[in-house]
Structure formats: structure tokens, C-alpha cells
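Per numbering that gives the first Met the number 0, the very first residue in the sequence shown carries number 0; after that it's consecutive. I have placed the structure first, in the form of C-alpha cells, so that the comments after it can refer back to it.
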Amino acid sequence: MPLYMDIHKVDSDDFTVEDVIKAHMEDMAVQEKFGVIQRKYWVNEPDKMVFCLMEGPNKEACHKTHEESHGMTACNIIEVSDDEYNLFMARGSTEENDLAYKLDGELDSGFRTIMLVSTSDLCGKYGHYIKEIHRLLKQYNGVIVLQPNDEIMASFLLASDAILCALAIAKLLKSIPDNFEYRLALVSGNPVDQNGTDLFEDTKQKVKILCQIGLSKVIYLDATTKALSSKESNTPKVNHSDLKIVGNHDFSFCEKLSDILNGGLSDPNFKSEDLGRQLGLSKAQTYRKITALTGMSPNTLIRELRLRKSLKALKTNHKTVAEIAYDLGFNSPTYFTRVFRNRYEVLPTSFAKLNAS
């Protein structure tokens, strides 16, 4: 039978783990009637949230089990593959009577910290560093969950492990003498969101946004990751000047900024004035806000994101340099070639040939 996972947001001042254990036992008492098997559950006491893993014929059967047993129905239910569950949720934790615990005996809240590392080898001679990244992920208890193109996504049970791993990866990649770019971000979140259809959907989207708009060779992390790490027993002593911490309010701005940029980059007439207008900010406000978050001026950010997209486009080798330049909003292939070379110290044609070989 398929696996399902749900989220319960409890609106009660009297929320306790004992109440959740009782509700789970009530679920088990009626589950056979609906063809459902309760597998495991996670309790996030501070945020009054519960996540349940079940096998069942469909979402409706899972919903009816909760409804009949105690009436605490889920805010959202999603289908989860075995692979997804094993990569994100199974490792590093144990259970007692189906209740999830960390290996140190503390409750496993279901929170995971997701890391995304985006790399660009501009001369094709640093591939062995990717193996070193894999080694560091394993050393710090990270699990690789996705590896498309030049990106590595990994999941961590402990936020502190993720931060230490990020610092180790940054130290490794900073040792590369030249022609290598990387961006690194950490975001923590729930396995199931109150909206959405995928495991860690909101968290994965946020970490991608930070990697998309963030400055190269800087570690970005959300405030939740910092807060979680400070509560863990193995909290690292970290110089936070090495990290760029993004608060919840700034994240909302980042999401809006990302949407606007993704919609405007292909337009050669798209400038910082258009960006500010769509953000609803003055020219000065736009400059201050974007510079504070990304380390780049608005026009520099627009050019930088076009160039980053060009790296991916050149690697496919399906289009000419001129076609890619026009697709990404550059006014001329000559200008694109000049700014590409100034930024990456290699010609776009040479980079394309390197990846074709």
C-alpha cells in the first residue's frame, strides 16, 4: 500500500506528548476498519504540531481513521515514496511505540535541515572536489537526497551538524585557487506543510531561492536553522560573521524578489527601475534592501543571475552563444561575451567546448 504523511496543527494551550500518544493508540484501535496501518509519528512540542506516517489505500482512509478515533483530523495529507521517506526521515532517529526520537533520547520533532550546494567548475579540472563534498556530508551525518546537474541537496537531522558541514565545505572550496564558483544555503522546516503535495516542499523551495539570489562563496541560512542549532546538545561554537542569516520577513522579500527576477530576466529592457516598481519600493529602498540581502546592487544582481543562467545553458550545448545571449536578455552577443569573460575569466565558447568534451 502507498505511504502517506500528514500534519496536525493543534490549537490548544494544554497540548502534551501524552495526549498525542493517547490519540495514536485510539487511531490504532480503529485503523483496521479503514485498511490503514499507523507506522510512526513525530511530535513538535514547541510549535504544537504532529506528523503521522501511515500506510493506507488512499488519503481518504487515513483521514477517516483520525476522524473516527479522536476527531483530530489532519491539516494536510501527502503521499510519500519509500525512497523519500528513507532519505529524509528514517536515518538518525529511532522510535518507541511508533513515537520518533533522536538517538540522544530527545523527541524527534520531524524538522530537518536541508543543504543545497551549487557549484560551477569553469576550467573542468576540479571534479575531485565533488567527491570531497560527499565525504564531508557523510562525516557530518548528512544524507544526499538529490543531485541534479551541478547541485547537491542533502538532509540533516541536526541543524548543528548541517552548519558544521557547511563551514567545512566552504573551507574546502575556498582552497581552490581559481575558476571555481559555489553557492551554499541551509534552511530548516517541517516534513509536511499545511499546503503542498511534496515532502519538505516549502523548505526545498526556500533553499533553492537562497542559492539562486545569494552571493557566491557565502553561506546563507534561515533564522530557524540558527535557532534549532542553539538548542542542540552539540551546538558548535561558530563565528556568525561567516554566515548570512535570513529572517522570516526577509525570506518573504526573497521569495517575491525571486519571482520577479525569474519573470523579467529574459527581457532586455528589464532594469532595476522595473524591479523596484514591482517590489513596491523607491529606488533608494530597492538598492538598500537588495544590497543588504545579496551583497549586490540591483543591476549587478540582474546581470549576475543572467550570467548564472548562461552557465547552465552553455552546458547543454543545444544553442549558440548568440541565441543564449538573446534568450537571457543581453542586448548583444558581443556584450554578453565581454561580461561573461570579465566575470568568469573564460570565454563562453571555451566553456561550452569544455562541457562538450
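Cβ atoms here follow ideal geometry from the backbone N, Cα and C, with glycine treated the same way. Computed from a prediction, not measured in an experiment: that's the story for all the values here.
Could you pull out every residue in the same chain whose Cβ sits closer than 6 Å to the Cβ of residue i, ignoring the five residues on either side in sequence?
i, result
"S228", "A158, S159, I162 and T234"
"A312", "I323"
"H317", "none"
"E180", "S119 and S215"
"E83", "L198"
"R90", "V142"
Tell me residue i's beta-bridge partners as DSSP assigns them.
i, result
"I143", "A153"
"N178", "N178 is not bridged to any residue."
"E78", "Y3"
"E95", "L98"
"R340", "DSSP lists no partner for R340."
"G188", "R111"
"T118", "Y181"
"Y334", "Beta-bridge pairing links Y334 to no other residue."
"G37", "Residue identity differs from the one stated: residue 37 is Gln in this sequence, not Gly. DSSP, once it has assigned bridges, lists M53 as partnering Q37."
"Y219", "A184 and K243"
"L106", "Y100"
Quick one, which of the options has its alpha-carbon nearest residue i's?
i, options, result
"E344", "C210, Y286 and P176", "P176"
"G123", "S108, I132 and D149", "D149"
"L310", "F110, S119 and F329", "S119"
"I6", "V116, F33 and V79", "V79"
"E31", "E67, R337, A89 and D107", "E67"
"V16", "I259, Y100 and N57", "Y100"
"L98", "L304, T202, A22 and V217", "A22"
"G263", "R302, K130 and L242", "R302"
"D192", "D18, V29, Y139 and V49", "V49"
"G34", "M53, K47 and K308", "M53"
"N85", "S349, K314, L2 and K207", "L2"
"D241", "L183, C74 and V217", "V217"
"T196", "C164, I76 and K47", "I76"
"L136", "K282, A165, Y125 and S117", "A165"
"Q211", "S187, I259 and V237", "I259"
"A351", "D10, K255, Y325 and A321", "A321"
"S117", "I168, C74 and L256", "I168"
Can you say whether residue i is buried or exposed, counting buried as having 16 or more other CB atoms within 10 angstroms of its CB?
i, result
"Y334", "exposed"
"G70", "exposed"
"D26", "buried"
"N189", "buried"
"M0", "exposed"
"K39", "buried"
"P45", "exposed"
"K205", "buried"
"E95", "exposed"
"P147", "exposed"
"T202", "buried"
"P56", "exposed"
"K225", "buried"
"D107", "buried"
"L115", "buried"
"D141", "For the sequence presented, residue 141 should be read as Gly rather than Asp. So G141 ends up on the buried side."
"E59", "exposed"
"L102", "exposed"
Suppose the cutoff is 7 Å on Cβ atoms and the five residues either side in sequence are ignored; what does the same chain contact list for residue i look like?
i, result
"T285", "S271, L274, G275, L278 and P297"
"F87", "R111, V144, S154, P190, L198 and F199"
"L214", "T293, G294 and M295"
"T72", "H62, H65 and E66"
"Y128", "L171, L172 and I175"
Once DSSP output is grouped into helix, strand and coil, what is the label at residue i?
i, result
"R287", "helix"
"L183", "strand"
"C51", "strand"
"N43", "strand"
"L304", "helix"
"K243", "strand"
"Y125", "coil"
"L135", "helix"
"D249", "helix"
"K8", "strand"
"K270", "coil"
"L214", "coil"
"Q204", "helix"
"S296", "coil"
Taking 8 Å as the limit between beta carbons, can you name the residues of its chain near residue i, skipping five residues before and five after?
i, result
"V245", "L209, Y219, L220, D221, A222, C253 and L292"
"K308", "L264 and L327"
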